[in-house]
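Student:
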Amino acid sequence: MRLSHGVYLTTHPLAFPVMAAALVLAGCATAGTPGPAPANPAPGPLPPIAMPEATPVGQAALAGLLAGRFDNDLQVLFADETGLPAGPLRERTHVSVSAVDGEAPFGHVVLSVRQHGRDPAAPPAAEALWVLAPAGADGSVAMRVIAAGGAPVGPAPCEALWRPSADGEWRVADASPGCEAAPAVAGLAVDARGWSAGGRTLRRANGFRCWAATLAGARPGDSGAGLRDWTFRRDLPIHDQGGEIALEGADGGRWFLRLRAVEWPSGPNRPSLTLYVHEAGNDRALSYAWGEIDTDRLGINLRFLQASCTRDGSDAG
Numbered sequence: 244m245r246l247s248h249g250v251y252l253t254t255h256p257l258a259f260p261v262m263a264a265a266l267v268l269a270g271c272a273t274a275g276t277p278g279p280a281p282a283n284p285a286p287g288p289l290p291p292i293a294m295p296e297a298t299p300v301g302q303a304a305l306a307g308l309l310a311g312r313f314d315n316d317l318q319v320l321f322a323d324e325t326g327l328p329a330g331p332l333r334e335r336t337h338v339s340v341s342a343v344d345g346e347a348p349f350g351h352v353v354l355s356v357r358q359h360g361r362d363p364a365a366p367p368a369a370e371a372l373w374v375l376a377p378a379g380a381d382g383s384v385a386m387r388v389i390a391a392g393g394a395p396v397g398p399a400p401c402e403a404l405w406r407p408s409a410d411g412e413w414r415v416a417d418a419s420p421g422c423e424a425a426p427a428v429a430g431l432a433v434d435a436r437g438w439s440a441g442g443r444t445l446r447r448a449n450g451f452r453c454w455a456a457t458l459a460g461a462r463p464g465d466s467g468a469g470l471r472d473w474t475f476r477r478d479l480p481i482h483d484q485g486g487e488i489a490l491e492g493a494d495g496g497r498w499f500l501r502l503r504a505v506e507w508p509s510g511p512n513r514p515s516l517t518l519y520v521h522e523a524g525n526d527r528a529l530s531y532a533w534g535e536i537d538t539d540r541l542g543i544n545l546r547f548l549q550a551s552c553t554r555d556g557s558d559a560g
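Its first residue numbered 244, the sequence shown is counted upward by one per residue in this note's numbering.
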């Protein structure tokens, strides 16, 4: 197939096992529980992309920006303040992108793209493979979006051309008609801060590791005097775009932590890294602590519950 920018995408079979996949970021948030994946997905072809006068420099830069975890938590949080229209844009979307291990077609990078709802630990509601290859001497990158077994995500292949800008942003400059089955691909933009796609703003999530302790018999406002039955948990992963950790005390008390790198859409408030404590089932925080948005460590002590989270440098999906 030939795109209007003159880059040809050719078909060449390559056996490459993949998991069951479906359209990712298809213009709507997670809708329901995905169907079961085949027990043993059949290998399928990954069609290479022709590379006339190509340079891999742009390909590596784009792949680095696309890899990681991304979440629209802040956009949902401030939906009323910013006038975000009612509908799917107000629903949480979490996307994880990672390089696929194994042998890829020569000159190609293959990324696994998974879309989740509020809980990124749940099975993905949508999944696809993005195949990247250098497309020109200007650093542009060609991309094909494929599903399970190398099949297109729609009636026709979805093929797109990425171009970089001077400010470090990459944007899909051209997309084939087959990308109508993946509407978020057309106009997709990415930079160091995150993605913009289909009306959504997904910020890059940074990983933290936490420890937490809950005191049996104590509740919010208690001093905890005379109580000694602490339940400790360590090495708990969380991310700073609305990531959550569920906690349960020895007496059955249930709580959760939420971590958020908050940037207000307006007003004098400074960007802050904020650690919230919630009672299970209640989205209104009992209490919270905050610090500079780039701080490496943040803690809180409410006597009935203590926690501390430390940045661990991870952002891979």
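Positions of the beta carbon are idealized from the N, C-alpha and C atoms, including for glycine. Here the structure is a predicted model, which means the values were calculated and not measured.
Is it buried or exposed for PHE475, if we count other Cβ within 10 angstroms and need 16 for buried?
Tutor: Against the sequence shown, residue 475 aligns to sequence position 232. So PHE475 ends up on the exposed side.
Student: Taking C-beta to C-beta, are GLY421 and GLY397 nearer than 8 Å?
Tutor: The residue you call residue 421 lines up with position 178 of the sequence shown. The residue you call residue 397 lines up with position 154 of the sequence shown. Result yes, Cβ atoms of GLY421 and GLY397 sit closer than 8 Å.
Student: For ALA418, count the other beta carbons within 10 Å of its own beta carbon; 16 or more makes it buried, fewer makes it exposed. Which is it?
Tutor: Residue numbering aside, residue 418 sits at position 175 when the sequence shown is read from its first letter. ALA418 is buried by the Cβ-count criterion.
Student: Less than 6 Å between C-beta atoms, sequence neighbours within five positions excluded: which residues of the same chain meet that for ARG554?
Tutor: By one-based count along the sequence shown, residue 554 stands at place 311. Answer for ARG554: PHE451 and ASP539, listed in chain order.
Student: Using CA coordinates, which residue listed in SER383, VAL343 and VAL319 is at the minimum distance from LEU445?
Tutor: Counted from its first residue, the sequence shown places residue 445 at position 202. LEU445 has its Cα closest to that of VAL319, out of SER383, VAL343 and VAL319.
Student: Report yes or no: do three or more beta-carbon pairs, one from the stretch 483 to 492 and one from the stretch 301 to 318, lie closer than 8 Å?
Tutor: Yes: at least three Cβ pairs fall under 8 Å.
Student: Have a look at ARG513, TRP498, SER515 and TYR531 and flag the residue whose alpha-carbon is nearest the alpha-carbon of ASN525.
Tutor: Counted from its first residue, the sequence shown places residue 525 at position 282. If we check each option's Cα against that of ASN525, TRP498 comes out closest.
Student: In three-state DSSP terms, what is ASP434?
Tutor: Sequence index remark: in the sequence shown, residue 434 carries index 191 (1-based). In this structure, ASP434 counts as strand in the three-state DSSP scheme.
Student: Please report how far the alpha carbon of ASP344 lies from the alpha carbon of ALA459, in whole angstroms.
Tutor: Within the sequence shown, residue 344 is the residue found at index 101, counting from 1. Within the sequence shown, residue 459 is the residue found at index 216, counting from 1. Cα to Cα, ASP344 sits roughly 45 Å from ALA459.
Student: What does the Cβ neighbour count give for ARG477, buried or exposed, with the cut at 16 atoms within 10 Å?
Tutor: Taking the first residue of the sequence shown as position 1, residue 477 is located at position 234. Classification for ARG477: exposed.
Student: Looking only at its own chain, which residues have a Cβ that is under 7 Å from the Cβ of ASP558, when we skip the five neighbours before and after it?
Tutor: One-based indexing of the sequence shown puts residue 558 at position 315. Excluding sequence neighbours, ASP558 sits near GLY311, ARG312, ARG447, ALA448, ASN449 and GLY450.
Student: So, does the stretch 381 to 390 touch the stretch 404 to 412, judging by three or more C-beta pairs under 8 Å?
Tutor: Yes: the two stretches touch, three or more of their Cβ pairs being nearer than 8 Å.
Student: Which of the three DSSP states, helix, strand or coil, is assigned to PRO480?
Tutor: Residue 480 sits at position 237 when you count from the first residue of the sequence shown. Here PRO480 sits in strand by DSSP.
Student: If we ignore side chains and look at the alpha-carbon of each, how far apart do ALA416 and PRO363 end up?
Tutor: By one-based count along the sequence shown, residue 416 stands at place 173. By one-based count along the sequence shown, residue 363 stands at place 120. Taking the straight line joining both Cα atoms gives about 30 Å.
Student: What are the start and end residues of the beta strand (DSSP E) that includes LEU548?
Tutor: The sequence position of residue 548 within the sequence shown is 305, counting from 1. 548 to 554 is the extent of the beta strand (DSSP E) around LEU548.
Student: Nearest-angstrom Cα distance between LEU431 and ALA456?
Tutor: By one-based count along the sequence shown, residue 431 stands at place 188. By one-based count along the sequence shown, residue 456 stands at place 213. Their backbone Cα atoms lie some 42 Å apart in a straight line.
Student: Residue ranges of each beta strand (DSSP E) run of no fewer than 3 residues wholly in the stretch 469 to 528, ordered along the chain?
Tutor: Segments of the beta strand (DSSP E) lying fully in the stretch 469 to 528: 473 to 482, 484 to 491, 497 to 505 and 515 to 522.
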